[in-house]
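In our numbering, the protein residues as written are 6 to 290.
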């Protein structure tokens, strides 16, 4: 598609009542309707080709709600961790990755957005990532929806940033300027042996909620006001590969590192499929 076609394709999203649709989807996902819920899950599995053999419990009947199904754990050994400094935190596809150039992150052809905008307009928080590296990873509806640590880290802060609820699929990324910095998101900042890194969970249409391992469900509520939690006086540490959060349905994560932190896996390319635990990068220095 050309730029005009991409913008035309996403134009209806500007008109849709995205927040209402998302709230209704969240209620439906929480509902426990017995056989009706199980029938809906079976249809979803068939439509999207979900591989239930990887689930800790592959029986559809074991999931009382869609939320239980969306956030299903994997069986032991399904995602072995590579012997690498940085491992992929999710199952999904590579949207984009590369350098943060003069504070700006590449979204798609013709579209960039600033690290400051992504991090809730906090220029001081974004400053360490200037001329650093970023990776944007897209989780489709069929993917495993838990998010894991790419490396060991100590939690410093978390912020909920209200925003739009556009879809985050590749077509929308090509058609909506500044998509990941305008959608609702949860910004998590960690300290590591190689300096800080940020992991941003980006919400989307019909993504009923986002949750973290230390807080639980962050949204709802959707108050329309930013919220920040500080953890630097606590000692919350997560190991490489440990779960740090989850989405209710698919969405996108954006990761930021300072300059000179890592070199990406040479086999990575935009649109390539990735799995949690695979090698993402090697530390520099």
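All C-beta atoms in this analysis are idealised placements derived from N, C-alpha and C, irrespective of residue type, glycine included.
- Judged by beta-carbon spacing, residue 108 lies within the 8 angstroms limit of residue 120, meaning their Cβ atoms are closer than that value.
- Looking at the backbone, the Cα of residue 162 and that of residue 83 are separated by about 30 angstroms.
- Counting along the chain, residue 118 sits inside the beta strand (DSSP E) bounded by residues 116 to 119.
- Annotation for residue 53: no beta strand (DSSP E) segment contains it, though the alpha helix (DSSP H) segment containing it runs 40 to 53.
- When DSSP states are grouped into helix, strand and coil, residue 65 belongs to the helix group.
- Boundaries of the beta strand (DSSP E) harbouring residue 235: 232 to 235, taken from the DSSP string.
- Residue state for residue 197 is assigned as strand, using DSSP reduced to three classes.
- Within the model, the alpha-carbon separation for residue 283 versus residue 92 is close to 5 angstroms.
- Straight through space, the alpha carbons of residue 252 and residue 280 are spaced by roughly 16 angstroms.
- Residue 145 and residue 135 have their alpha carbons spaced roughly 29 angstroms apart.
- Cβ neighbours of residue 260 within its own chain (closer than 6 angstroms, five residues either side excluded): 140 and 204.
- If you draw a 10 Å sphere on the C-beta of residue 244, you find fewer than 16 other C-beta atoms in it, and that means exposed.
- The alpha carbon of residue 72 has as its nearest neighbour, out of 142, 210 and 32, the alpha carbon of 32.
- A distance below 8 angstroms separates the beta carbons of residue 248 and residue 218.
- For residue 174, there is no enclosing beta strand (DSSP E), as DSSP marks it with neither H nor E.
- For residue 264, the CB contacts under 6 angstroms within the same chain, skipping 5 residues up- and downstream, are 136 and 137 in chain order.
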